[in-house]
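J.: Residue numbers (the working numbering): 108 to 587. All C-beta atoms, glycine included, are put in the ideal place defined by N, C-alpha and C. Everything numeric in this text was worked out from a predicted model, so none of it was measured.
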């Protein structure tokens, strides 16, 4: 498509589109900062194509996300107040293979949520002992008394109970930063299931004897654990939100419960991020080599393509707003054995209502195909935006090479519900910015320097927001 960047003062408007070109390396003199005339001449003679760019990808994420206008540059996500405790993961410090619990991270355990005595937390952290387990080892036996809290520093472990017909039933997989046995901090309890290592596991155990010793010296901790044992806090629904009192099935004139919908007093705000570059075009190139193809237009076109590729990368990988880093801990799952099996995909879909898209690296999609083939399954194809794609349970499985694959050969699969009306994932941008050539993208003339090189500032403003936690899920540790 053709876009029109601003023209220098006193010159006719030049149609604009992306790109960056580079001439052949110079054998003498300083390096060139703009397109060389030798390369520009390639567009001015013979029958030719526009400049081609190998780095353009389908960019499915940008296509399927609904975009929300953010007029003030900041997007606030208001949610109902949640009282769910311990939804995060415990973080550790590592020094030469030795893991240490960060004391403040112990408040991720539900019985310690909201507890803020640094001395007592430090005492609990120092009482943790590191242990190593091989694949298949039992970390905790079903029905045995809980004598320690397990903090999984690295690896994967399964929660297993006996099945109805003599088989084993897997209740889920624990991963890095997750924990088990925390309920015994406030009360005597037995293990409701077996915890078994699936891979090599590094575990820090917090003995209950240490907890009792620290609580004897810290009355606040003792009171906090007793409060957790005696009260579950305000009524909450299964999502952790404060409950709305409702009466039903009554007759006559009973007194109805009073209620109100509480809100989070500190909602998250998303500011628009920016991707920018300075495009340089020599005036001689723009003047003499713009027939039959406009040089500035082709330069801008390719530059915009590069910015769009970076936009999708940032929307997935940016630590502030990227989807891979902003999925709720309760919506992060791990594969049962490593490769992405149909069972893993079903568990991922079951975590949210109305999943609309699955996004995965092409190598992960190939691994999913192998697992389906090994079971004799042939998932049907679907169509998105007029293009055939693979599906799972009717949900399109879209390729995205911006999802990283680690050196160990593992990656992630995203499941999304999109749109404001669905309380899903949305893209953020701002239309109507000065000198706009595409929504939320502008090209601004910066002047001509002493070398007769024109400069254009190309800027793209964007972000992404997850409106409610279950709108986005991630299947982690997917072996490809």
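From which residue to which residue does the alpha helix (DSSP H) around residue 432 run?
T.: For this step, residue 432 is matched to residue 325 along the chain shown. First-last of the alpha helix (DSSP H) with residue 432: 430-433.
J.: Can you look up residue 475 in the DSSP assignment and give me helix, strand or coil?
T.: Looking up residue 475 in the chain shown gives position 368. Reduced to three states, the DSSP call for residue 475 is helix.
J.: Just tell me which of 266, 547, 140 and 258 has its CA closest to the CA of residue 414.
T.: For the purposes of this step, residue 414 is taken as residue 307 along the chain shown, with counting starting at 1. Closest option to residue 414, Cα to Cα, is 547.
J.: Any chance the stretch 221-235 sits against the stretch 268-276, with 3 or more Cβ pairs inside 8 Å?
T.: At 8 Å Cβ cutoff, the stretches do not touch.
J.: For the 8 Å Cβ check, are there 3 or more pairs between the stretch 263-274 and the stretch 286-303?
T.: Taking 8 Å as the limit for Cβ pairs, the verdict is that the stretch 286-303 does touch the stretch 263-274.
J.: Can at least three beta-carbon pairs, one atom from the stretch 563-572 and one from the stretch 534-550, be found at a separation below 8 Å?
T.: With a cut-off of 8 Å, the stretch 534-550 and the stretch 563-572 count as touching, because enough Cβ pairs lie within range.
J.: Report the residue ranges of all beta strand (DSSP E) runs contained in full by the stretch 410-449; include only those spanning at least 3 residues, in chain order.
T.: Runs found: 439-441.
J.: How would you write the range of the alpha helix (DSSP H) that residue 560 sits in, first residue to last?
T.: Residue mapping note: residue 560 aligns to position 453 of the chain shown, counting from 1. Looking at the DSSP string, residue 560 is not in any alpha helix (DSSP H); the run it does join, the beta strand (DSSP E), is 560-573.
J.: If you compare alpha carbons, which of 206, 227 and 205 is closest to residue 214?
T.: The sequence position of residue 214 within the chain shown is 107, counting from 1. Among 206, 227 and 205, the Cα nearest to that of residue 214 is on 227.
J.: Please name the residue or residues paired with residue 549 in a DSSP beta bridge.
T.: Start at 1 with the first residue of the chain shown, and residue 549 comes out as number 442. 543 and 566, per the DSSP bridge assignment.
J.: Can you tell me the Cβ-Cβ gap for residue 467 and residue 504, rounded? I've got them flagged as a contact below 8 Å.
T.: Translated into positions along the chain shown, residue 467 becomes position 360. Translated into positions along the chain shown, residue 504 becomes position 397. Residue 467 to residue 504, Cβ: 6 Å. Contact.
J.: Spell out the partners DSSP gives residue 375 in its beta bridges.
T.: Within the chain shown, numbered from 1, the residue matching residue 375 stands at position 268. BP columns for residue 375 point to 184.
J.: For residue 577, which three-state DSSP category applies?
T.: Numbered from 1 along the chain shown, position 470 holds the residue referred to as residue 577. It is helical.
J.: Identify every residue that forms a DSSP beta bridge with residue 555.
T.: The residue labelled residue 555 in the question sits at position 448 within the chain shown. Per DSSP, 561.
J.: For residue 519, I'd like the list of residues in its chain whose CB is within less than 7 Å of its CB, leaving aside the five on either flank, ordered along the chain.
T.: Indexing the chain shown from 1 puts residue 519 at position 412. Hits under 7 Å: 431, 510, 581, 582, 583 and 585.
J.: Would you check if there are 3 or more beta carbon pairs closer than 8 Å linking the stretch 399-418 to the stretch 434-449?
T.: Judged by Cβ distances under 8 Å, the stretch 399-418 makes no contact with the stretch 434-449, as fewer than three pairs qualify.
J.: Leaving aside the five residues before and after residue 426 along the sequence, list all residues of the same chain whose C-beta is less than 8 Å from its C-beta, in chain order.
T.: If you number the chain shown from 1, residue 426 lands on position 319. 432, listed in sequence order.
J.: Give me, in chain order, the residues of the same chain whose beta-carbon lies closer than 7 Å to that of residue 355; leave out the 5 immediate sequence neighbours on both sides.
T.: One-based indexing of the chain shown puts residue 355 at position 248. Excluding positions up to five away in sequence, the list is empty.
J.: Going by the beta-carbon positions, is the gap between residue 281 and residue 318 smaller than 9 Å?
T.: Reading the chain shown from its first residue, position 174 is the one you call residue 281. Reading the chain shown from its first residue, position 211 is the one you call residue 318. No, they are not a contact pair.
J.: Once DSSP output is grouped into helix, strand and coil, what is the label at residue 190?
T.: Looking up residue 190 in the chain shown gives position 83. For residue 190, the predicted structure reports a pLDDT of 42, less than 50, and the residue's modelled location is therefore unreliable. The matter cannot be settled from this model.
J.: Starting from the C-beta of residue 325, find all residues in its chain whose C-beta is less than 8 Å away, skip the five residues before and the five after it, and write them out in chain order.
T.: Position 218 of the chain shown, counted from the first residue, corresponds to residue 325. 224, 226, 227 and 230.
J.: Residue 172 and residue 532: beta carbons closer than 9 Å?
T.: Counted from its first residue, the chain shown places residue 172 at position 65. Counted from its first residue, the chain shown places residue 532 at position 425. Yes, the pair counts as a contact, with Cβ atoms nearer than the cut-off.
J.: Label residue 577 either buried or exposed according to how many other C-beta atoms from any shown protein chain fall within 10 Å of its C-beta, with 16 as the threshold for buried.
T.: Taking the first residue of the chain shown as position 1, residue 577 is located at position 470. Buried, by the Cβ-count rule.
J.: Out of 296, 422, 309 and 283, which one is the CA nearest neighbour of residue 236?
T.: Taking the chain shown and counting its residues from 1, one reaches residue 236 at position 129. For the residues 296, 422, 309 and 283, the minimum Cα distance to residue 236 belongs to 309.
J.: Hey, quick one: how far does the beta strand (DSSP E) through residue 232 stretch, first residue to last?
T.: For the purposes of this step, residue 232 is identified with residue 125 of the chain shown, where counting begins at 1. No beta strand (DSSP E) holds residue 232; the alpha helix (DSSP H) holding it covers 225-233.
J.: To which residues of the same chain is residue 169 closer than 8 Å at the C-beta, ignoring the five residues directly before and after it?
T.: For the purposes of this step, residue 169 is taken as the residue at position 62 of the chain shown. Excluding residues within five positions, the ones whose Cβ falls inside 8 Å are 415, 418, 419, 422 and 534.
J.: Which class does residue 480 belong to by DSSP, given the choice of helix, strand or coil?
T.: As a first step, residue 480 must be located in the chain shown, where it is residue number 373. Of the three classes helix, strand and coil, the one that applies to residue 480 here is helix, per DSSP.
J.: So residue 175 is in the beta strand (DSSP E); what residue range does that whole segment cover?
T.: Locating residue 175 in the chain shown gives position 68, counting from the first residue. Segment 174-176, the beta strand (DSSP E) holding residue 175.
J.: By a C-beta neighbour count over all protein chains shown, 10 Å radius and 16 as the cutoff for buried, is residue 163 buried or exposed?
T.: The sequence position of residue 163 within the chain shown is 56, counting from 1. Looking at its Cβ environment, which holds fewer than 16 other Cβ atoms inside 10 Å, residue 163 is exposed.
J.: Within 10 Å of its beta-carbon, does residue 627 have 16 or more other beta-carbons around it, so buried, or fewer, so exposed?
T.: Absent from the model: residue 627. The displayed extent of the chain is 108 to 587, so no value can be given.
J.: By the DSSP assignment, the beta strand (DSSP E) with residue 245 in it spans what residues?
T.: Mapped onto the chain shown, residue 245 falls at position 138. Start and end: 245-247.
J.: So residue 459 packs on residue 524, CB below 8 Å; how close in whole Å?
T.: Locating residue 459 in the chain shown gives position 352, where the first residue counts as 1. Locating residue 524 in the chain shown gives position 417, where the first residue counts as 1. Confirmed, about 6 Å.
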